[in-house]
Each structure stands twice: as structure tokens, then as C-alpha cells.
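Just so you know, we're using the numbering used here here: the sequence shown kicks off at 1 and counts up by one. Using N, Cα and C, we set each Cβ at its ideal position, and we do this for glycine too. The structure under discussion appears below in the form of C-alpha cells.
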Amino acid sequence: MPPKLLNKTAVVTGGSRGIGRAVVEQLLQEGARVVAVARSVDQLADLEERSSPRLLTFPADVTRSQELYRLVEFSQRRIRNVDILCPLAGHLFYADALATPPSILVDNIHRNSLSAWETLQKFRPLLTKKSAACFATAAAFFEQRAGLELFAASKAILSSQVRGTAKLNEKFRVNAVACAPVETSAWLQDDLKSLADQRTWNWLTPAEVAEAILFLVSDEARALRGTEMVLSAASRR
Numbered sequence: 001m002p003p004k005l006l007n008k009t010a011v012v013t014g015g016s017r018g019i020g021r022a023v024v025e026q027l028l029q030e031g032a033r034v035v036a037v038a039r040s041v042d043q044l045a046d047l048e049e050r051s052s053p054r055l056l057t058f059p060a061d062v063t064r065s066q067e068l069y070r071l072v073e074f075s076q077r078r079i080r081n082v083d084i085l086c087p088l089a090g091h092l093f094y095a096d097a098l099a100t101p102p103s104i105l106v107d108n109i110h111r112n113s114l115s116a117w118e119t120l121q122k123f124r125p126l127l128t129k130k131s132a133a134c135f136a137t138a139a140a141f142f143e144q145r146a147g148l149e150l151f152a153a154s155k156a157i158l159s160s161q162v163r164g165t166a167k168l169n170e171k172f173r174v175n176a177v178a179c180a181p182v183e184t185s186a187w188l189q190d191d192l193k194s195l196a197d198q199r200t201w202n203w204l205t206p207a208e209v210a211e212a213i214l215f216l217v218s219d220e221a222r223a224l225r226g227t228e229m230v231l232s233a234a235s236r237r
């Protein structure tokens with residue numbers, strides 16, 4: 001079977017690890033040309049060596065508007081139009097809802113919702129009528145767990161923005177995957193690790209999330225707009 005995304009162009013932020021890394025790997029497997037973006041691209045060196053010239057890496061902090069401008073300029077110069085946009089940079093965090101200062105929540109709203117949406121805004125001129133964007137949001141699971149509800153809140157604006165695109169007359173499609181816990185290194189942070197160790201949760205793998213994202217950006221999902229696909233793992237027992 002030929003690759004599904006042969007010669008498609010893609011930009012993935014948060015592309016050096018976790019879900020972002022898995023998306024980059026699967027896009028390459030399906031024949032796409034990819035710009036992988038991360039604050040540090042050192043973790044992508046092995047993949048870049050194996051996949052050059054179809055993989056380009058670009059170091060950037062996408063929470064900073066000026067660095068987003070640089071990323072857009074680089075992408076326009078190297079791949080011109082963008083068929084697939086995956087703004088996946090984000091920050092999983094634990095917080096005591098009654099003790100956390102509002103400034104911490106505001107900072108994480110910027111990191112997990114506003115900067116992701118700004119990435120779409122900045123790339124809008126490079127998107128075509130066949131382009132698709134896909135975000136990662138938080139499943140209801142996180143709202144129901146003490147210590148994780150503020151993380152869910154920091155993603156809530158992004159969820160609303162994605163759903164709102166269903167009625168917009170845009171040339172490109174926007175969807176999201178709403179993920180239950182995903183087995184990534186983010187859970188190795190002290191507070192998060194102790195929380196996860198106390199629970200018997202069913203964990204998604206980054207590859208499973210990436211498969212869903214690739215479906216949403218493919219032509220097979222061309223009728224889907226403003227959709228949040230809820231992902232949860234089956235029991236591994």
C-alpha cells in the first residue's frame with residue numbers, strides 16, 4: 001500500500017518527545033515532509049539523520065510571538081504551503097487548585113491554549129483549501145482528578161476554539177484529539193509521578209494518539225470540522 005501522505009508538507013510543534021515525536025515519526029512513515037519544532041531539537045538528531053532531507057528541525061519557543069514569526073518564515077522558505085499543522089507543544093502540570101496563584105494558571109493557559117491557537121493564526125496564510133490542523137486537548141478525565149483540574153482548565157479555551165471552527169467558512173479544517181493520560185516522560189515529574197503511582201489507570205501510548213491525529217489530518221476525515229475526538233485506553237490487563 002502506498003504511503004497515505006506522500007509529498008504532503010507538515011509542521012509539528014512539540015515535536016521532540018511524547019505525542020509530538022510520535023506524530024513526526026508517523027508522518028515520515030507515511031511519506032510526508034516535516035518541519036519538527038521544539039525548544040531543543042537535540043533529541044531529534046537521530047531521526048533527522050535517518051530521515052533527511054524529508055525532516056527539517058527548527059528550534060523555537062512557540063510561546064513567544066517573535067519566534068513563531070521566525071518559524072513561519074522558515075517554513076515558507078523551505079516547504080512553501082503547509083498541508084498539515086499540528087501545534088502540539090504544551091505543558092502537563094500538577095497544581096493544588098485552592099493554593100495555586102492565578103498568575104500560574106494564566107501562564108499555563110498561555111502555554112497550553114493561547115500559544116497553540118496563535119500558531120494556527122500565524123500559519124493561516126500558508127494553509128490551503130486542502131490543509132488540516134489538529135490540536136491535543138484534555139479529556140474529561142483530567143477535570144475529575146484533584147491536582148489535574150487546572151491542567152484541564154488550561155486546555156479548555158483551546159477546546160472551545162476548536163469546536164468553534166465547525167461553523168467558520170474557512171478553507172482549511174481544524175480538529176483535535178481529547179486525550180486521557182498518555183504514557184510520556186511528562187509524568188516523571190515528582191508530583192505527577194506520585195499521583196500516577198497511586199492510581200491504576202489505563203494509559204494511552206503516544207503512538208495511539210499519533211494514529212488518531214494522522215486520521216484527522218488525512219483526506220479520510222475531510223468531512224470532519226471542529227471535532228474533538230475523545231481518546232481513552234482499553235485495559236491492558
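- Looking at the DSSP output, V177 bridges to A136, M229.
- Residue pairing by DSSP puts T9 in a beta bridge opposite R33.
- Counting the other CB atoms within 10 Å of its CB gives E208 a total of 16 or more, which places it among the buried residues.
- When V230, S160, R145 are compared, the shortest CA-CA separation from I213 is found for V230.
- Considering only D83, T63, V162, L71, the residue with the shortest C-alpha distance to S218 is D83.
- Rounded to whole angstroms, K8 and A45 show a C-alpha spacing of 22 angstroms.
- Between C86 and C134, the C-beta gap is smaller than 8 angstroms, which places the two residues in contact.
- For V41, there is no enclosing beta strand (DSSP E), since its DSSP letter is neither H nor E.
- Per DSSP, reduced to three states, the secondary structure at S16 is coil, with no helix or strand assignment.
- Setting aside the 5 residues that flank it on each side, E30 is surrounded in the same chain by P3, K4, L5, each with a C-beta closer than 6 angstroms to its C-beta; the list follows chain order.
- Distance from V35 to L56 at the Cβ level is roughly 5 angstroms; contact confirmed, criterion being Cβ atoms closer than 8 angstroms.
- Here DSSP, grouped into helix, strand and coil, assigns V162 to helix.
- Counting only the Cα atoms, Q76 lies some 7 angstroms from L126.
- Its chain contains L92, P181, K193, A196 as the residues whose beta carbon lies nearer than 8 angstroms to that of W187, once the 5 sequence neighbours on both sides are disregarded; these appear in chain order.
- Look at F58 here: in three-state DSSP terms it is strand.
- Cβ contact annotation for S185 (same chain, cutoff 8 angstroms, sequence separation greater than five): R17, G18, in chain order.
- Taking 8 angstroms as the upper bound for CB-CB distance, L71 and G14 are not in contact here, some 12 angstroms apart.
- In the structure shown, K122 falls within a helical segment according to DSSP collapsed to helix, strand and coil.
- Inclusion of T165 and G226 in the CB contact set at 8 angstroms is warranted, their separation being smaller than that value.
- With respect to the 8 angstroms criterion, F172 and S131 are classified as neighbours on the basis of their beta carbons.
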